[in-house]
Amino acid sequence: MSDRITFNECAKKSRQQKVVLEEKLTFMSQWKILCLDPQQRLEMEGMPVPANTKIILNHVKTNQNLAALSQFSFRTPFGREFEVAAKTEVDSHKAETPCNHWVFRTRGCKTRPESMSWRENRNLKTF
Numbered sequence: 001m002s003d004r005i006t007f008n009e010c011a012k013k014s015r016q017q018k019v020v021l022e023e024k025l026t027f028m029s030q031w032k033i034l035c036l037d038p039q040q041r042l043e044m045e046g047m048p049v050p051a052n053t054k055i056i057l058n059h060v061k062t063n064q065n066l067a068a069l070s071q072f073s074f075r076t077p078f079g080r081e082f083e084v085a086a087k088t089e090v091d092s093h094k095a096e097t098p099c100n101h102w103v104f105r106t107r108g109c110k111t112r113p114e115s116m117s118w119r120e121n122r123n124l125k126t127f
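Its first residue numbered 1, the sequence shown is counted upward by one per residue in the UniProt record's numbering.
Structure below.
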């Protein structure tokens, strides 16, 4: 969920638009996926998103992109983490910077997992 910046509601370190994960579905929790190439965004609207490709996550209400801000990092029990906020950062050519790029990763199927190898050795039928 995300909403516009107010004096009391903003990200802790960067003071940008706060982003919070919530269970309930509201208009403030709607995000859309945009194609990285601005010239293909209109054509790709409504199409399935291929895995392992760079995309941009855009907040519907505020039209701000999800950003991982590397200049605002902090330590957690899981290691160093970047602050996540809703902020569209652009370069001199008005293109989104890498902090706005996201990827939905899936594991490649080049090698079989070791848990599958026992089935091959015992010649069991699999469906």
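Here a beta-carbon is modelled for each residue, glycine too, at the ideal position from N, C-alpha and C.
The structure displayed is predicted, hence computed values, not measured ones.
Best match in the options for proximity to residue i [C-alpha to C-alpha]
| i | options | result |
| --- | --- | --- |
| Arg107 | Thr53, Asp91, Lys24 | Thr53 |
| Lys87 | Ile56, Arg75, Gln39 | Ile56 |
| Thr97 | Asn65, Thr76, Arg80 | Asn65 |
| Asn58 | Ala51, Ala67, Pro50 | Ala67 |
| Ser14 | Ser73, Gln39, Met47, Asp37 | Ser73 |
| Phe104 | Phe27, Asn63, Val49 | Val49 |
| Ala95 | Gln39, Gln16, Thr76, Arg75 | Gln39 |
Integer-rounded CB distance, given that residue j should sit under 8 angstroms from residue i
| i | j | result |
| --- | --- | --- |
| Val60 | Trp102 | Between Trp102 and Val60 the Cβ distance is about 16 angstroms, and since that is not below 8 angstroms, they are no contact. |
| Ala85 | Lys18 | 7 angstroms |
Residue range of the unbroken beta strand (DSSP E) whose run includes residue i
| i | result |
| --- | --- |
| Glu81 | 79-86 |
| Asn58 | 54-59 |
| Ala95 | Premise fails: Ala95 is in no beta strand (DSSP E) and is neither H nor E. |
| Ser70 | 66-76 |
Where the alpha helix (DSSP H) through residue i begins and ends
| i | result |
| --- | --- |
| Arg41 | 41-44 |
Contact check, residue i vs residue j, beta carbons under 8 angstroms
| i | j | result |
| --- | --- | --- |
| Phe82 | Ser70 | yes |
7 angstroms CB neighbourhood of residue i in its chain, flanking five on each side removed
| i | result |
| --- | --- |
| Met44 | Cys35 |
Contacts around residue i, its chain only, beta-carbon distance under 8 angstroms, and the 5 residues preceding and following it disregarded
| i | result |
| --- | --- |
| Ile33 | Val49, Ile55, Ile56, Leu57, Asn58 |
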